[in-house]
Ligand code: IMP
Ligand code: MG
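What follows is the structure, given as structure tokens:
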């Protein structure tokens with residue numbers, strides 16, 4: 251069965267942009283006067299991170315890392331991390347920007363890697379949280395949207411605004427669900 255985009259977006263461009271501005275206000279207030287670094291996870295979080303960065307009213311640096319999850323083939327959910335920013339994080343306030351917090355295994359592995367580089371603080375900001383799917387406890391400081399488990403009861407898969415399905419749909423301005 252072919253998957254296609256939902257006719258109505260789950261979150262419209264306006265809803266996303268309004269929420270990004272709200273989060274940017276909070277982050278600007280919380281990190282005022284501190285050396286803030288966004289660490290964005292490639293590729294899904296890049297659209298969110300760049301909108302958020304431009305909506306800040308305080309300066310922030312921008313770094314990237316790539317995390318590949320092998321949760322499908324290994325029951326342990328092994329995650330391999332590439333191109334991590336490393337030494338430039340020492341003593342700075344790091345905010346990890348990720349697209350989706352699902353089982354939590356990806357973020358848990360990324361946080362372990364980042365912690366080793368001794369940031370002054372380390373917090374998590376996600377575009378979408380699927381709280382009922384969690385296997386590893388992660389408490390994000392900022393969440394743009396939380397997916398309601400009732401709505402999510404089936405296997406809701408979302409695309410757009412950076413999120414992909416087999417590398418498609420990242421350029422959509424709204425967030426859609428995939429339907430059969
Ligand atoms: P986890 O938290 O380690 O299970 O994995 C989260 C990662 O799975 C995210 O970074 C996404 O790349 C991917 N992911 C999970 N759910 C979705 C979805 O609905 N759409 C697109 N990617 C997803
Ligand atoms: Mg990802």
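Numbering (the numbering used here), first residue to last: 251 to 430. Yeah, the Cβ is synthetic: ideal placement off N, Cα and C, and Gly gets one too. All values derive from a computational prediction rather than experimental measurement.
Quiz item: By Cβ distance, which residues of its chain are closer than 7 Å to residue 305, with the 5 residues on each side in sequence left out?
Solution: Within the chain shown, numbered from 1, the residue matching residue 305 stands at position 55. Counting only Cβ-Cβ distances below 7 Å, and skipping sequence neighbours, we find 270, 271, 274.
Quiz prompt | Assigned secondary structure, residue 410 (DSSP; H/G/I helix, E/B strand, else coil) | solution = Stepping through the chain shown from its first residue, residue 410 is reached at position 160. In the structure shown, residue 410 sits in a strand (DSSP, three-state: E or B).
Exercise. Reducing DSSP to helix, strand and coil, say where residue 325 ends up.
Key: Here residue 325 is taken as the residue at index 75 of the chain shown, counted from 1. Residue placement at residue 325 is flagged as unreliable, the pLDDT there being 46, under the threshold of 50; a coordinate-derived value is accordingly withheld.
Quiz item: Quick one: does the C-beta of residue 319 sit closer than 7 Å to a heavy atom of the ligand IMP?
Solution: In the chain shown, counting from the first residue as 1, residue 319 sits at position 69. True, at least one ligand heavy atom lies under 7 Å from that Cβ.
Quiz item: Ordered along the chain, which non-local residues of its own chain (more than five positions away) have a Cβ less than 7 Å from that of residue 367?
Solution: If you number the chain shown from 1, residue 367 lands on position 117. Same-chain partners within the cutoff: 336, 337, 339, 340.
Quiz item: Any idea what DSSP makes of residue 403, helix, strand or coil?
Solution: As a working mapping, residue 403 is identified with position 153 in the chain shown. Only weak support is given to the placement of residue 403: the predicted model assigns it a pLDDT of 47, under 50, and the question is left unresolved by the model.
Self-check item: Supposed close pair residue 297, residue 347 - CB separation, criterion 8 Å
Solution: What you label residue 297 is simply residue 47 of the chain shown in a count that begins at 1. What you label residue 347 is simply residue 97 of the chain shown in a count that begins at 1. Contact flag wrong, Cβ pair sits at about 10 Å.
Quiz item: Can you find a heavy atom of the ligand IMP that lies under 7 Å from the Cβ of residue 297?
Solution: Looking up residue 297 in the chain shown gives position 47. No, Cβ of residue 297 sits at least 7 Å from all heavy atoms of the ligand IMP.
Quiz item: If you draw a straight line from the C-alpha of residue 325 to the C-alpha of residue 386, how long is it?
Solution: Walking along the chain shown from the start, residue 325 turns up at place 75. Walking along the chain shown from the start, residue 386 turns up at place 136. Its pLDDT being 46, under 50, residue 325 is placed unreliably in this model, and the value from its coordinates should be taken loosely. Rounded to whole angstroms, residue 325 to residue 386 spans 13 Å at the Cα level.
Practice problem: Starting from residue 308, follow its DSSP beta bridges and name the residues at the other end. | Solution: In the chain shown, residue 308 corresponds to position 58, counting from 1. Its beta-bridge partners do not exist; DSSP assigns none.
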